[in-house]
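The opening position of the sequence shown corresponds to residue -9 in this note's numbering, with each subsequent residue numbered one higher.
We treat Cβ as the ideally placed atom computed from N, Cα and C, and that holds for glycine.
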Amino acid sequence: MKLIIIGSPGAGKGTQAKRLAKHFDIAHISTGAMLRNEMRNRTEIGLRVADTMNAGRLVPDEIVTALLAERIQASDCRNGFILDGYPRNAAQAKTSFDVVGNIDRVIDIIAEDTAIIERMSGRRVCPSCGCMYHTKYTPPKADGVCDECGASLIQRDDDKEETVKERLKIYHEATAPIIDYYSSMGIIMHIDGMQDIDRISELLISELEKYRSEKL
Ligand code: AMP
């Protein structure tokens, strides 16, 4: 099964994508995570995209598309995959057919900007073990310190409030229009991202199971 998950930054795409990937035994491909990995490893690509990513802007299409084309050759993609963070604009949506072929379903997670700003700007991450916290909803036991490994928590540059606002602006301008494109193809599934996280997973899994059994 080949899926795409779309939604504003912070709408919960990553969490749902992980769960769906596990349930359907498909690969979870996050272009944002792949790019952050390039930055962490200080590769040529990583160094090229660092400023753009830290400012919350989109990196050039050809860089992301090339990374994706290579990633889908991996053996964990044999049953399919869920693309999280790609496509991000109309050009990528058009190219995606050449790169990944036909898509079964596109999931659109709908969330309000004000809630997104609160969710993302409160996010803190442990640079050492990757644990995630939220200053209001899931704070660490000691302020600014990771419960698991004791490292000092940081705020990712692209989670800073001004950057989040910039990312939302880009989402509404560049990414949201591709929802109409997939709607016209009749493959979109909309879901309210303000519901309980488990409830969202349950609804998505049941809808996709239904789709899968009808398709087989
Ligand atoms: P994400 O983790 O999906 O929110 O992505 C983090 C950042 O990576 C974005 O703000 C962009 O700078 C970059 N990025 C991720 N996916 C893409 C894409 N498909 N096209 C362009 N830039 C991307």
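- A distance below 6 Å between beta-carbons, with the five flanking residues on each side excluded, links ASP137 to the following residues of its chain, in chain order: PRO130 and LYS131.
- Neighbourhood of the ligand AMP, defined by CB distance below 5 Å to any of its heavy atoms: PRO(-1), THR21, GLY22, LEU25, MET43, LEU48, VAL49, VAL54, GLY75, TYR76 and ARG78, in chain order.
- Of the residues assessed, GLN63 falls on the exposed side of the cut-off, its CB having fewer than 16 other CB atoms within 10 angstroms.
- With 16 or more neighbouring CB atoms inside 10 Å of its own CB, LYS3 falls in the buried class.
- Around the beta carbon of ASP74, 16 or more other beta carbons sit within 10 angstroms, so the residue counts as buried.
- Contact between ALA80 and PRO167 holds: their C-beta atoms lie close to 6 Å from each other, under 8 Å.
- Around the CB of LEU(-7), 16 or more other CB atoms lie within 10 Å, so the residue is classed as buried.
- Closest option to CYS119, judged by alpha-carbon separation, among ILE53, GLY112, VAL135 and GLU108: VAL135.
- Collapsing the DSSP output to three states places LEU(-7) in a strand.
- Sixteen is the threshold: since fewer than 16 other Cβ atoms of the shown chains lie within 10 Å of the Cβ of LEU37, the residue is exposed.
- Looking at PHE14, ILE100, MET(-9) and ASP51, the one whose alpha-carbon comes closest to that of SER86 is ASP51.
- In this structure, ASP182 is the residue among ASP186, ASP182, SER196 and GLU192 with its C-alpha nearest to the C-alpha of ILE(-4).
- With a 10 Å radius around the Cβ and a threshold of 16 neighbouring Cβ atoms, ASP149 comes out buried.
- Of the other Cβ atoms in all chains shown, fewer than 16 fall within 10 Å of the Cβ of ALA56; this residue is therefore exposed.
- Rounded to the nearest angstrom, the gap between the Cα atoms of GLY46 and GLY22 is 11 Å.
- For the options ASN44, TYR171 and HIS13, the alpha carbon positioned closest to that of ASP98 is the one of TYR171.
- For CYS67, the closest C-alpha among the options ALA17, ARG78 and LYS84 is that of ALA17.
- Sequence-distant partners of ILE107 (beyond 5 residues in either direction) whose C-beta falls short of 6 Å from its own C-beta, in its chain, are VAL154.
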